[in-house]
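Since the structure comes first, as structure tokens, the remarks are kept for the end.
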DNA sequence: CGGAATCCCCAGTGATACTG
DNA sequence: CAGTATCACTGGGGATTCCG
């Protein structure tokens, strides 16, 4: 079975854009977790910290800023007596959820398949 | 490592497994690029190096070992005169492609949306 | 409560050279 | 061609502290 040996250097595959740049959308530690946590609706800063467990405030803050700048989520300041901030996914950010779910599903299958050892 | 103990106050999250662990399937530098490059078919070591551009042999080797151990791809040694090795996705690894494509699509939309905002 | 500023640290990455 | 071994380094992330 002869392989199609392609020699394209710059754009080897019909990819719409550089995968690396697109993956950067969910780059940074806990960024997927933040999106994952927001998939059920808006969450506040402390709620996100509780959801993602071992995330420091600094990193969470940085991540939220980055994700907001990327257009993945929006920041909503509630003018309450104790100031609170709500974060929620944009419509585009919401499109990432199926992707994450797909990865989760594969990770799930992979885990149980490894448990079965090698039995084809 | 402490696993997330969610309290589900306002948002019940029916997560099948820890997202972090599932995301680990594509963790490591250039791992998504390797999968992406393999989505069109089997590739050899040097082809992958050419596809992924700035990846060192060491890292690519490490990544390939990890991805093989995770059951994402398989390694096939061809007994030719110049020894060559082919890598190709497993069926489970192939399931990651739609996920990556979804991310790419969102990244794409995000880019052109940002382009409209910043560069009229 | 939310988050900005500061310091510290090490895992992961890259470059080079060597082997089969 | 397909790796492995060694070393040095960077920057992303953690803990802490202070501000609005």
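Chains as they are written, first to last, in full-length UniProt numbering: chain A, 1 to 120; chain B, 1 to 120. No residue lacks a Cβ here, since even glycine has one placed at the ideal position from N, Cα and C.
Exercise. Beta carbon of residue 38 (chain A), beta carbon of residue 60 (chain A): below 8 angstroms?
Worked result: Against the first chain, residue 38 (chain A) aligns to sequence position 38. Against the first chain, residue 60 (chain A) aligns to sequence position 60. No, Cβ-Cβ distance for residue 38 (chain A) and residue 60 (chain A) is not below 8 angstroms.
Exercise. Do three or more CB pairs link the region 100–113 of chain A to the region 25–43 of chain B at distances below 8 angstroms?
Worked result: yes
Problem set entry | residue 77 (chain B): first and last residue of the uninterrupted beta strand (DSSP E) it sits in | Position 77 of the second chain, counting from 1, holds the residue named residue 77 (chain B). Taken as a continuous stretch (DSSP letters only), the beta strand (DSSP E) holding residue 77 (chain B) covers 73–78.
Problem set entry | Own chain, CB closer than 6 angstroms to residue 42 (chain B), minus 5 neighbours either side, in chain order | In the second chain, residue 42 (chain B) corresponds to position 42, counting from 1. Cβ neighbours of residue 42 (chain B) beyond the five flanking positions: 86 and 88.
Exercise. So, does the CB of residue 80 (chain B) fall closer than 8 angstroms to a CB anywhere in chain A?
Worked result: Within the second chain, numbered from 1, the residue matching residue 80 (chain B) stands at position 80. No, residue 80 (chain B) lies away from the interface with chain A (no Cβ there is under 8 angstroms from its Cβ).
Exercise. Is the shortest distance between the beta-carbon of residue 102 (chain A) and the beta-carbons of chain B less than 8 angstroms?
Worked result: As a working mapping, residue 102 (chain A) is identified with position 102 in the first chain. Judged by the 8 angstroms Cβ criterion, residue 102 (chain A) is in contact with chain B.
For this session: State yes or no: is the C-beta of residue 18 (chain B) within less than 8 angstroms of the C-beta of residue 44 (chain B)?
Result: For the purposes of this step, residue 18 (chain B) is taken as the residue at position 18 of the second chain. For the purposes of this step, residue 44 (chain B) is taken as the residue at position 44 of the second chain. No, the Cβ-Cβ distance between residue 18 (chain B) and residue 44 (chain B) is not below 8 angstroms.
Problem set entry | Contact check, residue 92 (chain A) vs residue 109 (chain B), beta carbons under 8 angstroms | As a first step, residue 92 (chain A) is located in the first chain; it is residue number 92 there, counting from the start. As a first step, residue 109 (chain B) is located in the second chain; it is residue number 109 there, counting from the start. Yes; because the gap between Cβ atoms is below 8 angstroms, this pair is in contact.
Exercise. In terms of alpha-carbon separation, which member of B:77, B:96 and B:113 lies closest to residue 32 (chain B)?
Worked result: Taking the first residue of the second chain as position 1, residue 32 (chain B) is located at position 32. Checking every option, the nearest Cα to that of residue 32 (chain B) belongs to B:96.
For this session: Under 7 angstroms Cβ to Cβ from residue 66 (chain A), same chain only, skipping five residues before and after it: list those, please.
Result: Numbered from its first residue, the first chain carries residue 66 (chain A) at position 66. Within the same chain, residue 66 (chain A) has close Cβ partners 28.
For this session: In the DSSP assignment, find the unbroken alpha helix (DSSP H) run with residue 85 (chain B) in it and report its ends.
Result: Locating residue 85 (chain B) in the second chain gives position 85, where the first residue counts as 1. No alpha helix (DSSP H) contains residue 85 (chain B), which is instead part of the beta strand (DSSP E) from 84–89.
For this session: Identify every residue that forms a DSSP beta bridge with residue 43 (chain A).
Result: To locate residue 43 (chain A), count along the first chain from 1; it is residue 43. Bridge partners of residue 43 (chain A): A:87.
For this session: Residues of the region 54–78 of chain B with a CB closer than 8 angstroms to any CB of chain A: list them in chain order, please.
Result: 70, 71 and 72
For this session: For residue 75 (chain B), count neighbouring Cβ atoms within 10 angstroms of its own Cβ and tell me buried if that reaches 16, exposed if not.
Result: Walking along the second chain from the start, residue 75 (chain B) turns up at place 75. By the 10 Å Cβ count, residue 75 (chain B) comes out exposed.
Exercise. In terms of residue numbering, what span does the alpha helix (DSSP H) encompassing residue 18 (chain A) cover?
Worked result: Along the first chain, read from residue 1 onward, the residue named residue 18 (chain A) stands at position 18. Looking at the DSSP string, residue 18 (chain A) is not in any alpha helix (DSSP H), and its letter there is neither H nor E.
Exercise. Using a Cβ-Cβ distance under 8 angstroms, would residue 13 (chain B) count as near chain A?
Worked result: For the purposes of this step, residue 13 (chain B) is taken as the residue at position 13 of the second chain. Legend: pLDDT at residue 13 (chain B) = 46, less than 50; position of this residue unreliable, value from coordinates given subsequently. Interface residue, yes.
Exercise. Residue 107 (chain A) touches chain B at which residues, Cβ-Cβ below 8 angstroms?
Worked result: Residue mapping note: residue 107 (chain A) aligns to position 107 of the first chain, counting from 1. Residues of chain B passing the Cβ test: 17, 21, 22, 23, 24 and 25.
Problem set entry | Residue nearest to residue 20 (chain A) in terms of C-alpha spacing, selected from B:78, B:20 and B:53 | Stepping through the first chain from its first residue, residue 20 (chain A) is reached at position 20. For residue 20 (chain A), the nearest C-alpha among the options comes from B:53.
Exercise. Where does residue 57 (chain A) land, buried or exposed, given buried means 16+ other C-beta within 10 angstroms?
Worked result: Along the first chain, one-based indexing puts residue 57 (chain A) at 57. Exposed, by the Cβ-count rule.
Problem set entry | C-beta contact flag for residue 71 (chain A) and residue 90 (chain A) at 8 angstroms | For the purposes of this step, residue 71 (chain A) is taken as residue 71 along the first chain, with counting starting at 1. For the purposes of this step, residue 90 (chain A) is taken as residue 90 along the first chain, with counting starting at 1. Yes; because the gap between Cβ atoms is below 8 angstroms, this pair is in contact.
Problem set entry | Sequence-distant residues of its chain with Cβ nearer than 8 angstroms to residue 49 (chain B) (five each side left out) | As a first step, residue 49 (chain B) must be located in the second chain, where it is residue number 49. Excluding sequence neighbours, residue 49 (chain B) sits near 55, 57 and 60.
Exercise. Should residue 95 (chain A) be flagged as near chain B, meaning a C-beta pair shorter than 8 angstroms?
Worked result: Translated into positions along the first chain, residue 95 (chain A) becomes position 95. Interface residue, yes.
Exercise. Does the beta carbon of residue 119 (chain A) sit closer than 8 angstroms to a beta carbon anywhere in chain B?
Worked result: Residue 119 (chain A) sits at position 119 when you count from the first residue of the first chain. Interpretation of residue 119 (chain A) is limited by its pLDDT of 39, a score under 50 that renders its predicted location unreliable; the figure taken from the coordinates is listed afterwards. Closer than 8 angstroms: no.
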